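Protein chains in written order, with this note's numbering: chain R, 2 to 112; chain A, 86 to 199. For every residue, glycine included, the Cβ atom is placed at its ideal position computed from N, Cα and C. Since the model is a prediction, treat every value here as computed from it, not as a measurement.
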Amino acid sequence: GENVGLHLPTLSVQEGDNSIINCAYSNSASDYFIWYKQESGKGPQFIIDIRSNMDKRQGQRVTVLLNKTVKHLSLQIAATQPGDSAVYFCAENNAGNMLTFGGGTRLMVKP
Amino acid sequence: KAGVTQTPRYLIKTRGQQVTLSCSPISGHRSVSWYQQTPGQGLQFLFEYFSETQRNKGNFPGRFSGRQFSNSRSEMNVSTLELGDSALYLCASSPLGGSSYEQYFGPGTRLTVT
Numbered sequence: 002g003e004n005v006g007l008h009l010p011t012l013s014v015q016e017g018d019n020s021i022i023n024c025a026y027s028n029s030a031s032d033y034f035i036w037y038k039q040e041s042g043k044g045p046q047f048i049i050d051i052r053s054n055m056d057k058r059q060g061q062r063v064t065v066l067l068n069k070t071v072k073h074l075s076l077q078i079a080a081t082q083p084g085d086s087a088v089y090f091c092a093e094n095n096a097g098n099m100l101t102f103g104g105g106t107r108l109m110v111k112p
Numbered sequence: 086k087a088g089v090t091q092t093p094r095y096l097i098k099t100r101g102q103q104v105t106l107s108c109s110p111i112s113g114h115r116s117v118s119w120y121q122q123t124p125g126q127g128l129q130f131l132f133e134y135f136s137e138t139q140r141n142k143g144n145f146p147g148r149f150s151g152r153q154f155s156n157s158r159s160e161m162n163v164s165t166l167e168l169g170d171s172a173l174y175l176c177a178s179s180p181l182g183g184s185s186y187e188q189y190f191g192p193g194t195r196l197t198v199t
């Protein structure tokens, strides 16, 4: 996949446990944030988004937390499953439709 | 709805050649963005098109260009290919491009320059 060879931070969790993936963003003017999941050989897949006027948003098994004070974003995955194994990227929107992506975190789920 | 489609999926070119990649957005989506993904640099924004006009441009040399057609389909072109252009090129579409920033990605075109 495209992330082979890239030294990504790796989070290894046991199936059924909760996962927390963190991301620091750079631009305090960014008004919209997205988490993407990328599996090997595929394009990034939208997971959940949050606008800067919110600090928490929940989806199905996922929660995104936004702390604007320290420019930090986190993705929580409940009851992590083997199918959640992938690389996760946070992205910030700070100019129209231009996304700036973080470096990514590899999530490995042990059965 | 069908997702974002990109053609070709794989491409091998030689240094100095030029290449054109194609992207068909989700039906009804008018904004198309292009990204380059490499192991060393990660995902980087190339440009965005909306209503056949380039609205945003990333920090890439002029060898990288694009266009959008009236049916919202988009192409990107890379001229005088360099080895460092080897990458996965991703296209993403958005519904309106104005207040909606939700972007949906295609599977990408893997370009190898030899």
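Residue from the options whose Cα sits closest to the Cα of residue i
i, options, result
"glutamine 153 (chain A)", "A:Ile111, A:Ser116 and A:Arg100", "A:Ser116"
"lysine 111 (chain R)", "R:Ala80, R:Thr101 and R:Ser27", "R:Ala80"
"glycine 101 (chain A)", "A:Asp170, A:Leu175, A:Glu187 and A:Ser178", "A:Asp170"
"asparagine 19 (chain R)", "R:Ala92, R:Gln82 and R:Val88", "R:Gln82"
"arginine 64 (chain R)", "R:Ser53, R:Trp36 and R:Val88", "Before going on, a small fix: residue 64 (chain R) reads as threonine here, not arginine. Of R:Ser53, R:Trp36 and R:Val88, the residue nearest in Cα terms is R:Trp36."
"proline 146 (chain A)", "A:Arg158, A:Ser112, A:Asn156 and A:Thr165", "A:Thr165"
"leucine 58 (chain A)", "A:Tyr120, A:Arg158, A:Gly151 and A:Gln188", "Absent from the model: residue 58 (chain A). The displayed extent of chain A is 86 to 199, so no value can be given."
"glutamate 194 (chain A)", "R:Thr101, R:Lys43 and R:Asp85", "For the sequence presented, residue 194 (chain A) should be read as threonine rather than glutamate. It is R:Lys43."
"glycine 127 (chain A)", "R:Tyr89, R:Ala96 and R:Leu76", "R:Tyr89"
"glycine 151 (chain A)", "A:Pro124, A:Tyr95, A:Thr99 and A:Val104", "A:Val104"
"glycine 187 (chain A)", "R:Leu108, R:Gly97, R:Cys24 and R:Gly103", "The sequence as given places glutamate at residue 187 (chain A); glycine does not occur at that position. The candidate whose alpha carbon is nearest that of glutamate 187 (chain A) is R:Gly97."
"valine 198 (chain A)", "A:Leu96, A:Gly113 and A:Phe135", "A:Leu96"
"phenylalanine 130 (chain A)", "A:Ser136, A:Thr90, A:Met161 and A:His114", "A:Met161"
"valine 163 (chain A)", "A:Glu137, A:Glu133, A:Lys98 and A:Gly125", "A:Lys98"
"threonine 106 (chain R)", "R:Ala30, R:Gln39 and R:Ser31", "R:Gln39"
Local Cβ density within 10 Å of residue i, reported as buried at 16 or more and exposed below that
i, result
"isoleucine 78 (chain R)", "buried"
"leucine 168 (chain A)", "exposed"
"isoleucine 57 (chain R)", "The question names isoleucine, yet the displayed sequence has lysine at residue 57 (chain R). With fewer than 16 other Cβ atoms within 10 Å, it is exposed."
"arginine 148 (chain A)", "exposed"
"asparagine 156 (chain A)", "exposed"
"methionine 55 (chain R)", "exposed"
"alanine 87 (chain A)", "exposed"
"proline 110 (chain A)", "buried"
"valine 5 (chain R)", "Only weak support exists for where valine 5 (chain R) lies, its pLDDT of 46 falling under 50; the value from the coordinates is given anyway. That one is exposed."
"glutamate 16 (chain R)", "exposed"
"glutamate 133 (chain A)", "buried"
"glycine 125 (chain A)", "exposed"
"isoleucine 48 (chain R)", "buried"
"asparagine 94 (chain R)", "buried"
Assigned secondary structure, residue i (DSSP; H/G/I helix, E/B strand, else coil)
i, result
"aspartate 50 (chain R)", "strand"
"leucine 131 (chain A)", "strand"
"leucine 166 (chain A)", "coil"
"phenylalanine 190 (chain A)", "strand"
"glycine 84 (chain R)", "helix"
"methionine 55 (chain R)", "coil"
"lysine 111 (chain R)", "strand"
"lysine 98 (chain A)", "strand"
"valine 71 (chain R)", "coil"
"tyrosine 37 (chain R)", "strand"
"lysine 43 (chain R)", "coil"
"glutamine 121 (chain A)", "strand"
"alanine 177 (chain A)", "strand"
"arginine 140 (chain A)", "strand"
"tyrosine 89 (chain R)", "strand"
**Prompt:** Taking any Cβ of chain R, which residues in the region 131-157 of chain A have a Cβ under 8 Å from it, in chain order?
**Reply:** Answer in chain order: Glu133, Phe135, Arg140, Asn141 and Gly143.
**Message:** Along the region 172-197 of chain A, where does the CB come closer than 7 Å to a CB of chain R? Name the residues.
**Reply:** Of all residues in the region 172-197 of chain A, Leu173, Leu175, Ser179, Gly182, Tyr186, Glu187, Gln188, Tyr189, Phe190, Gly191, Pro192 and Gly193 have a Cβ within less than 7 Å of some Cβ in chain R.
**Asked** Which residues, in chain order, does the region 87-111 of chain R contribute to contact with chain A at a C-beta distance below 9 Å?
**Response** The region 87-111 of chain R vs chain A, Cβ under 9 Å: Phe90, Ala92, Asn94, Ala96, Gly97, Asn98, Met99, Leu100, Thr101, Phe102, Gly103, Gly104 and Gly105.
**Asked** Taking a cut of 9 Å between CB atoms, which residues from the region 17-43 of chain R lie near chain A?
**Response** Look at the region 17-43 of chain R: the residues with a C-beta under 9 Å from a C-beta of chain A are Asp32, Tyr33, Ile35, Tyr37, Gln39, Gly42 and Lys43.
**Asked** the region 102-123 of chain A: which residues have C-beta closer than 7 Å to a C-beta of chain R, in chain order?
**Response** Here the close residues are Ser116, Ser118 and Gln122.
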